[in-house]
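**Student:** Everything in the sequence shown is counted per the numbering used here, starting at 357 for the first residue and increasing by one.
From the three backbone atoms N, C-alpha and C, an ideal C-beta is built for every residue, glycine too.
The structure presented is a predicted model; accordingly, all values stated were derived computationally and were not measured.
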Amino acid sequence: MEAQTDVQTYIERGKQALAQGQAREAAIAFAHAAQIEPNNPYIHLGLAEANLALGSYGVVYMACRKVQELQPEGGAANEMAQALLNLLDRRYDRALQHLEAVISEDPANAYAHAMRAYLLRLNGQDYDAGLARSRA
357 MEAQTDVQTY IERGKQALAQ GQAREAAIAF AHAAQIEPNN PYIHLGLAEA
407 NLALGSYGVV YMACRKVQEL QPEGGAANEM AQALLNLLDR RYDRALQHLE
457 AVISEDPANA YAHAMRAYLL RLNGQDYDAG LARSRA
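1) Buried or exposed, going by whether 16 or more other CB atoms sit within 10 Å of the CB of residue 407?
2) Whole angstroms are fine: how far does the CA of residue 474 sit from the CA of residue 387?
3) Just tell me which of 402, 411 and 429 has its CA closest to the CA of residue 420.
4) Considering residue 449, what are the terminal residues of the alpha helix (DSSP H) in which it resides?
5) Alpha carbon to alpha carbon, what distance is there between residue 397 and residue 458?
6) Considering only residues of the same chain and omitting the five flanking positions on each side of residue 400, which have a CB-CB separation below 6 angstroms?
7) How far does the alpha helix (DSSP H) with residue 407 in it reach, from first residue to last?
8) Roughly how many angstroms lie between the CA atoms of residue 365 and residue 465, to the nearest whole one?
9) Can you give me the Cβ contacts of residue 427 inside the same chain, cut-off strictly under 6 angstroms, excluding the 5 residues immediately before and after it?
10) Just tell me which of 425, 382, 389 and 431 has its CA closest to the CA of residue 409.
What follows is the structure, given as structure tokens:
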């Protein structure tokens with residue numbers, strides 16, 4: 357029970373740090389959570405998101421592959437991991453498709469909206485990017 361409380365604390369700390377632009381602190385929090393609960397795909401997704409902000413693309417790739425291994429049947433974490441992998445491969449349209457699936461399953465996912473805004477801006481869709489950013 358105590359380990360579960362610690363995991364939740366680390367996950368929340370990681371999410372808060374990421375939302376505040378503190379990628380290093382987020383990565384550390386998610387790494388601690390992964391040590392306690394290594395089979396949680398959402399923890400590895402948090403590691404991927406934090407390391408994307410740090411520019412540690414090898415870690416992003418490995419963390420996304422781990423998410424897909426842990427959640428092979430699909431789901432929001434798997435879709436988000438695939439969106440991140442597509443972003444790394446500069447397949448922005450495919451990344452957007454996966455983000456749409458994430459957002460339809462979890463409309464309150466601020467990270468997905470922020471990433472969608474970034475990708476729309478890359479595609480020159482500034483108005484749509486502004487709308488997506490307002491939902492982040």
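**Tutor:** The answer reads as follows:
1) buried
2) 26 angstroms
3) 402
4) 448-461
5) 14 angstroms
6) 419, 422 and 423
7) 397-410
8) 19 angstroms
9) 397, 433 and 434
10) 382
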